[in-house]
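Reading through the structure tokens given below for one structure.
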Amino acid sequence: MPKISFDAAMYFVVLFMAFAVPLSTAAASIAVGLGTLFIIVHSVRARKFPTFDAKILEVLAVYIVCQIFTAITSWNPSISLREVVGEVHRFFPLIFAMTFIKRREQLGGVLIATLLASLINDAAGIFQCLVQGAPRAYGFNHTPTFYGSFMLIQLPVMIFIAQSEFLSPLWRRLALVGAGLSLICLVLSMTRGAWLALVACVVIFVVPEKKYRRMTAKICAGLAIVFVIVAAMSPKIQDRLTTLTDANFQSNSERLLMWQSAVEIFRDYPIYGVGQKMFFTAYNEQYISPEAKERPGDGMRGHTHPHNNFLHRASEGGLIGLLSFVGLYAYFFWKFFRQFRRERRFAFGAGMTAFMILAALQLEGLTDTNMNQVPIMREFWLIAGTMLAADNILNRGEFFDNRRKNF
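The numbering of the sequence shown is the working numbering, which starts it at 697 and goes up by one.
What follows is the structure, encoded as structure tokens:
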């Protein structure tokens, strides 16, 4: 029986991860564990580590060091340090994908696995709402809010797959179906922050894509028609839309109170915050507003985050945590934008895909805390690594080479 090379084994880990992350946290954890084990065994045998991107490792290292410092100064260092360790493994899908997707065929395999998992996740959400009568779709994710975040990731990926000429027409058509289903599921998730993030991302996309504005207008018109049709068929969605500007709606008013409390925590602990995972204690025991109705007790455990990525980082990590968070994602925004500039001959290349996903998550993160959730972060970093690998393949002339056989 022929032996499987280390690179081949790691590619299958990435392939497994691409299918598992949207559907099962446990299976995704197994994939991360297997990949880590393979790298350790290989490094011991070969007496050297695989060649990783040094610049990205440096950026991640600076971020992690800042997180360790704020954890050491935490109200409860042991809990905060465990959270830092947990955050470290969320970057592994990025490293695995960008390092071990090396050929066009491998890129196609990962994209197809992502497409199939997305279609299954879409089907689950639609079944929950239309057959089971669930008020909000959540698919294979823990909550409808997480599901909305996944749809923001899936939509750009589906569009990217649909125009990837190295894939067969079957997969590209399925990706178009997947894009439509993901939009429907985004609506059915009832996640208002994700709805607004999608609208904002469409505007962001139009600004640099002057060459493709007519195509963009057609796509946006199609998306708008799907949204209007789905919303027209559901009074619940219509009611949800009316709450967007209702200051008296409890979800809105509670968010405002949590934001005020997060600012107060930051004001009291401006340099290093209260520590990771400590917002729960600080808010519910000391900083909760007297006007807040959602309080611990009577079945309510208490809020664990302030429903805003930046205020979450500022309250738990102070200036150190906030600046390291902003710096990390600013670097990747810059990296994806540069990649987009190299791919200007494509309407929606790999760089634009990654840029739009990150923008969507951060925009949604203005009204919810999503960039600390394990499933969302694994999916984001996996797709980010895949898009960076696509850039490397493009630079070698393999990415959209029609002379080769389609999948």
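Cβ atoms here follow ideal geometry from the backbone N, Cα and C, with glycine treated the same way. As the structure is a prediction and not an experimental result, all values here were calculated from the model.
- For Tyr1025, the enclosing alpha helix (DSSP H) has its first and last residue at Asn1005 to Arg1038.
- C-alpha of Ala988 to C-alpha of Trp891: approximately 26 Å in a straight line.
- Per the C-alpha coordinates, the member of Gly835, Arg888 and Leu919 positioned closest to Gly876 is Leu919.
- Pairwise C-beta distances place the stretch 755 to 773 in contact with the stretch 961 to 973, as three or more of them are shorter than 8 Å.
- For the stretch 914 to 980, the continuous alpha helix (DSSP H) assignments of 4+ residues that do not extend past its boundaries occur at 931 to 938, 946 to 964 and 975 to 978, in sequence order.
- Judged by DSSP secondary structure, Gln763 falls within the alpha helix (DSSP H) whose first and last residues are Ala750 to Ile768.
- Burial state of Gly993 is exposed, judged by a 10 Å Cβ sphere holding fewer than 16 other Cβ atoms.
- In the three-state reduction of the DSSP assignment, Phe862 falls in the coil class, being assigned neither a helical nor a strand state.
- Using a 10 angstroms sphere on the CB of Phe901, the tally of other CB atoms reaches 16 or more, which defines it as buried.
- Pairing Ser845 with Ile1072 gives a Cβ-Cβ distance under 7 Å.
- When C-alpha distances from Phe836 are compared across Thr721, Cys916 and Gln946, the shortest belongs to Thr721.
- Only residues of its own chain outside the window of five on either side were considered, and among them Gly1047 and Asp1087 have a CB closer than 6 Å to the CB of Gln1035, listed in chain order.
- Within a 10 Å sphere around the beta-carbon of Ile925 sit fewer than 16 other beta-carbons, which makes this residue exposed.
- Around the beta carbon of Lys1031, 16 or more other beta carbons lie within 10 angstroms, which makes this residue buried.
- Secondary structure of Ser701 (DSSP, three-state): coil.
- In this structure Phe788 is in contact with Thr732, their Cβ atoms being roughly 7 Å apart against a cut-off of 8 Å.
- Counting along the chain, Phe901 sits inside the alpha helix (DSSP H) bounded by residues Arg888 to Val902.
- Per DSSP, Asn772 lies in no alpha helix (DSSP H) segment and is marked neither H nor E.
- The Cβ-Cβ distance between Tyr759 and Ser1020 falls below 7 Å.
- Excluding the 5 residues flanking it on each side, Ala813 has same chain C-beta neighbours closer than 6 Å at Phe715, Pro718 and Leu719, in chain order.
- Between Phe856 and Met1052, the alpha-carbon positions lie close to 11 Å from each other.
- For Glu1060, the enclosing alpha helix (DSSP H) starts and ends at Ala1046 to Glu1060.
- When the alpha-carbon of Asn772 is set against those of Phe975, Gln859, Leu879 and Met954, the nearest one is in Phe975.
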